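Colleague:
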Amino acid sequence: MGAASGGVVAIDVDHRDKLSNNLELPATVACTSSVESDGTWRGHLLYRASSPVATRRFAWGEVLGEGTLCILPPSIHPGGQRYSWVPGMGPDEVATAPAPSWVSAGEGTARVLDAEEPSDPPNPLEPPDPRTAGNYSERNIPPCYGSTLLHSLATNPEVALTIVRLCGGHVTGVGRGMRCVLPDHDDAHPSAALYQQSDGTIRYHDFHQADGVEWYSLGEVYAAYVTKHVRQLRSGERAIWHLRAATDAGLLRPPAIAAALLPDDAPKPARKLYAGFCRLLELRALYDGAQDSTPFSWRFAEAWCGIGSPPTVQKGMSWLLAHGYLERAAPQASEGAAGRRELTTFRLGHPT
Numbered sequence: 046m047g048a049a050s051g052g053v054v055a056i057d058v059d060h061r062d063k064l065s066n067n068l069e070l071p072a073t074v075a076c077t078s079s080v081e082s083d084g085t086w087r088g089h090l091l092y093r094a095s096s097p098v099a100t101r102r103f104a105w106g107e108v109l110g111e112g113t114l115c116i117l118p119p120s121i122h123p124g125g126q127r128y129s130w131v132p133g134m135g136p137d138e139v140a141t142a143p144a145p146s147w148v149s150a151g152e153g154t155a156r157v158l159d160a161e162e163p164s165d166p167p168n169p170l171e172p173p174d175p176r177t178a179g180n181y182s183e184r185n186i187p188p189c190y191g192s193t194l195l196h197s198l199a200t201n202p203e204v205a206l207t208i209v210r211l212c213g214g215h216v217t218g219v220g221r222g223m224r225c226v227l228p229d230h231d232d233a234h235p236s237a238a239l240y241q242q243s244d245g246t247i248r249y250h251d252f253h254q255a256d257g258v259e260w261y262s263l264g265e266v267y268a269a270y271v272t273k274h275v276r277q278l279r280s281g282e283r284a285i286w287h288l289r290a291a292t293d294a295g296l297l298r299p300p301a302i303a304a305a306l307l308p309d310d311a312p313k314p315a316r317k318l319y320a321g322f323c324r325l326l327e328l329r330a331l332y333d334g335a336q337d338s339t340p341f342s343w344r345f346a347e348a349w350c351g352i353g354s355p356p357t358v359q360k361g362m363s364w365l366l367a368h369g370y371l372e373r374a375a376p377q378a379s380e381g382a383a384g385r386r387e388l389t390t391f392r393l394g395h396p397t
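In terms of my numbering, the sequence shown opens at residue 46 and continues consecutively.
#1: Kindly indicate which three-state DSSP category H253 falls into: helix, strand or coil?
#2: Could you tell me the alpha carbon to alpha carbon distance between G133 and V139, rounded to whole angstroms?
#3: Quick one: grab the DSSP three-state call for G361.
#4: Can A294 and L388 be called in contact, C-beta distance under 7 angstroms?
#5: Expressed to the nearest angstrom, what Euclidean distance is found between the alpha-carbon atoms of K273 and K313?
#6: If you pair each beta-carbon of the region 352-362 with each one of the region 328-335, do three or more pairs fall below 8 angstroms?
#7: Got a sec? Which residues, its chain only, sit under 8 angstroms from C323 by beta carbon, not counting five neighbours each side?
#8: Measure from the alpha carbon of D251 to the alpha carbon of each residue in D244, S262 and G245, then state which is nearest.
#9: Just to confirm, are V398 and R93 a CB contact at a threshold of 7 angstroms?
#10: Span of the alpha helix (DSSP H) holding P314?
#11: If you check the beta carbons only, do R316 and L307 fall under 7 angstroms apart?
#12: Report the residue from L325, L371 and R373 whose alpha carbon sits nearest the alpha carbon of C350.
#13: By how many angstroms is the C-alpha of H253 removed from the C-alpha of C118?
#14: Counting C-beta neighbours from all protein chains within 10 Å, is the total for Y319 16 or more, i.e. buried, or is it exposed?
#15: Can you tell me which residues form a DSSP beta bridge with I247?
#16: Which residues does DSSP list as the beta-bridge partners of M223?
#17: Cutting at 6 angstroms between CB atoms, please list the residues of its own chain near G106, excluding the five before and the five after it.
#18: With DSSP as the reference, identify every bridge partner of H43, one or two as the case may be.
#19: For the alpha helix (DSSP H) that contains F345, what are its first and last residues?
#20: Give the straight-line distance between the Cα atoms of A199 and S363, rounded to the nearest whole angstrom.
#21: To the nearest angstrom, how far is it from the Cα of V226 to the Cα of T193?
#22: From P143 to L90, what distance separates their C-alpha atoms?
#23: Find out if the Cβ-Cβ distance for the pair T397, Q377 is shorter than 7 angstroms.
#24: Just to confirm, is the Cβ distance from I352 to A290 under 7 angstroms?
#25: With DSSP collapsed to three states, give me the class of D293.
#26: So, for G321: in the same chain, excluding its five sequence neighbours on each side, which residues have a beta-carbon less than 7 angstroms away from its beta-carbon?
#27: Suppose the cutoff is 7 angstroms on Cβ atoms and the five residues either side in sequence are ignored; what does the same chain contact list for L365 look like?
#28: Return the CA-CA distance between Q336 and G281, expressed in angstroms with no decimal places.
#29: The beta strand (DSSP E) with T100 in it runs from where to where?
#30: For R373, which residues does DSSP report across the bridge?
#31: Please go through the same chain and pick out, in chain order, the residues whose beta-carbon is closer than 7 angstroms to the beta-carbon of H196, but skip the five residues on each side of it.
#32: What separation, rounded to the nearest whole angstrom, lies between the Cα atoms of A344 and I285?
#33: Any beta-carbon of chain B closer than 7 angstroms to the one on Y240?
#34: Would you list the one or two residues that DSSP bridges to R279?
#35: Between which two residues does the alpha helix (DSSP H) harbouring V266 extend?
Listed below in C-alpha cells is the structure:
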C-alpha cells in the first residue's frame, strides 16, 4: 500500500456492525472473501491518497497505509475463501475514489499499534547480499528469495518478533520474557522467550514445558497458533509453516500460480483442500520456483487446511482427483530418522 502502489490505501473492514453511521466511506473499488446471507460483506475498500497515510487500527478494522500489504482478487484468504470483487464495485465498474479526509488525518507513516503492544514495530525482511543470493532470474524469483530465504527467516530477529506478535504475544525483544502463546499454556506470568542460538537460529523457549518440550521453531509455534494444537513437526513442515507465518504477517509476498477455478457446486472439503494446496505451491515457489508438485499427506492437509478429520480429507481429495483438479505426480524420496521413504506427491491438474 502507499507509495509502492501509486498512492493506494485500503480500509480493511472486519466488523461492519462497529462502523459509525457518520463515517465517510465514498463509493469506490472493493473486494471481499466473505459475503453473508443477508448480503453484508467484510473486505477491503480501496482509495487513492495524495500524501502518505499511516496504518491505524480501529474497533471495526484497519486503515492499511505505507509499507503494508493488501490481499486482492484472485488471491485466497487464509481461511480458504477466494477473494473476489464486490458486485458493482470492481475496478472495471467504478473508479478508485479519493481517500476520505479522516483517512489522511494524522502525521507519519509508521503503523499505529494497540496500546498494550510494544512500541517497536518490526521492519520487513531484509534481502540478503545479492553477491551471495544466487541468480534466480531464469525462474522469475526475486533475488531476496531462493536458497537463502529460509536461513534469513530463521535468523532475523524482527521476523521472529513479528511472528510471535501475530500469535498474540506481547514481546519487546529477543531474550525478553513474555506470556506463553502456545495453546492451553495459559499463565499469569512470563513463561517463554525468544533466544538466538549459536548458529544464529532464533527459537522459542517454553519455560514450563507443558507438553514436555522445551524448544520450538517459529514454524511450530505458528502451526500451533493456527491449528490450536501443539506438536513437533518434521523439518519440511517447520519450513513451510515458517513461510506461511512470514507471509501472513505481511513480510513476504509469494508469487501467484495459475490454477483452474472450482465450480460453484464443488463440495466444501474439496474447496478447502484446493485452496490450501494452491497456497502450499505458492509458498514453496518462494524457495524453489522450478517445482510443480509437492507432498500433501492427509495428516498434513488436515492441519494445513483446517479440516476436521481424515475421512473429510479423503472425501475432498477423492473429488479433486476424480474431477482432474489435482493429479498424482512422481514419488519424492525423503531421508529422516526412520530412514529413507518415498512420499506421494501431487500437482495441479487440467480439468476439462
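In this text, a Cβ means the ideal position worked out from N, Cα and C, and glycines have one as well.
Keep in mind it's a predicted model, so treat the numbers as computed, not measured.
Modeller: The relevant details are as follows:
#1: The residue you call residue 253 lines up with position 208 of the sequence shown. H253 falls in the coil class under three-state DSSP.
#2: Walking along the sequence shown from the start, residue 133 turns up at place 88. Walking along the sequence shown from the start, residue 139 turns up at place 94. Whole-angstrom Cα-Cα distance: 7 angstroms.
#3: Counting from 1 along the sequence shown, the entry for residue 361 is found at position 316. It is helical.
#4: Counting from one through the sequence shown, the residue named residue 294 turns up at place 249. Counting from one through the sequence shown, the residue named residue 388 turns up at place 343. No, the Cβ-Cβ distance between A294 and L388 is not below 7 angstroms.
#5: In the sequence shown, counting from the first residue as 1, residue 273 sits at position 228. In the sequence shown, counting from the first residue as 1, residue 313 sits at position 268. Distance between the alpha carbons of K273 and K313: 21 angstroms.
#6: no
#7: Here residue 323 is taken as the residue at index 278 of the sequence shown, counted from 1. Closer than 8 angstroms at the Cβ level, and outside the excluded window around C323, lie I121, I302, A304 and L393.
#8: For the purposes of this step, residue 251 is taken as the residue at position 206 of the sequence shown. Comparing Cα-Cα distances from D251 to each of D244, S262 and G245, the minimum goes to S262.
#9: Absent from the model: residue 398. The displayed extent of the chain is 46 to 397, so no value can be given.
#10: Taking the sequence shown and counting its residues from 1, the one referred to as residue 314 is at position 269. First-last of the alpha helix (DSSP H) with P314: K313 to R329.
#11: Residue 316 sits at position 271 when you count from the first residue of the sequence shown. Residue 307 sits at position 262 when you count from the first residue of the sequence shown. Yes, Cβ-Cβ distance for R316 and L307 is below 7 angstroms.
#12: In the sequence shown, the residue the question calls residue 350 occupies position 305. Per the Cα distances, L325.
#13: Mapped onto the sequence shown, residue 118 falls at position 73. Mapped onto the sequence shown, residue 253 falls at position 208. According to the sequence shown, residue 118 is Pro rather than Cys. C-alpha separation (whole angstroms): 43 angstroms.
#14: Taking the first residue of the sequence shown as position 1, residue 319 is located at position 274. Per the 10 Å Cβ criterion, buried.
#15: On the sequence shown, residue 247 is found 202 positions in, with the first residue counted as 1. I247 pairs with Q241.
#16: Counting from 1 along the sequence shown, the entry for residue 223 is found at position 178. Bridge partners of M223: A237.
#17: Residue mapping note: residue 106 aligns to position 61 of the sequence shown, counting from 1. Cβ neighbours of G106 beyond the five flanking positions: D57, V58 and D59.
#18: Since the first and last residues shown for the chain are 46 and 397, residue 43 lies out of range.
#19: By one-based count along the sequence shown, residue 345 stands at place 300. Its alpha helix (DSSP H) spans residues W343 to W349.
#20: Numbered from its first residue, the sequence shown carries residue 199 at position 154. Numbered from its first residue, the sequence shown carries residue 363 at position 318. Taking the straight line from one Cα to the other gives about 36 angstroms.
#21: If you number the sequence shown from 1, residue 226 lands on position 181. If you number the sequence shown from 1, residue 193 lands on position 148. Cα to Cα, V226 sits roughly 28 angstroms from T193.
#22: Here residue 143 refers to the residue found at position 98 of the sequence shown. Here residue 90 refers to the residue found at position 45 of the sequence shown. For P143 and L90, the distance between alpha carbons rounds to 11 angstroms.
#23: As a working mapping, residue 397 is identified with position 352 in the sequence shown. As a working mapping, residue 377 is identified with position 332 in the sequence shown. No, they are not a contact pair.
#24: In the sequence shown, counting from the first residue as 1, residue 352 sits at position 307. In the sequence shown, counting from the first residue as 1, residue 290 sits at position 245. No, Cβ-Cβ distance for I352 and A290 is not below 7 angstroms.
#25: For the purposes of this step, residue 293 is identified with residue 248 of the sequence shown, where counting begins at 1. In the structure shown, D293 sits in a helix (DSSP, three-state: H, G or I).
#26: In the sequence shown, residue 321 corresponds to position 276, counting from 1. Correct list, in chain order: G125, A346, W349 and C350.
#27: Looking up residue 365 in the sequence shown gives position 320. If we look at L365 and ignore the five residues flanking it on each side, its Cβ neighbours are A315, L318, Y319 and L371.
#28: As a position in the sequence shown, residue 336 is number 291, starting the count at 1. As a position in the sequence shown, residue 281 is number 236, starting the count at 1. About 15 angstroms.
#29: Counting from one through the sequence shown, the residue named residue 100 turns up at place 55. Careful: T100 lies outside any beta strand (DSSP E) and carries neither H nor E.
#30: Here residue 373 refers to the residue found at position 328 when the sequence shown is read from its first residue. R373 pairs with F391.
#31: Walking along the sequence shown from the start, residue 196 turns up at place 151. Nothing meets the Cβ criterion.
#32: Residue numbering aside, residue 344 sits at position 299 when the sequence shown is read from its first letter. Residue numbering aside, residue 285 sits at position 240 when the sequence shown is read from its first letter. In the sequence under discussion, the amino acid at residue 344 is Arg, which differs from the Ala named in the question. Computed Cα separation, rounded: 15 angstroms.
#33: No chain B is present in this structure, which holds just one protein chain.
#34: Translated into the one-based positions of the sequence shown, residue 279 becomes position 234. For R279, which the question treats as bridged, DSSP gives no partner whatsoever.
#35: On the sequence shown, position 221 is the one that residue 266 refers to. Where V266 is concerned, the enclosing alpha helix (DSSP H) stretches over L263 to T272.
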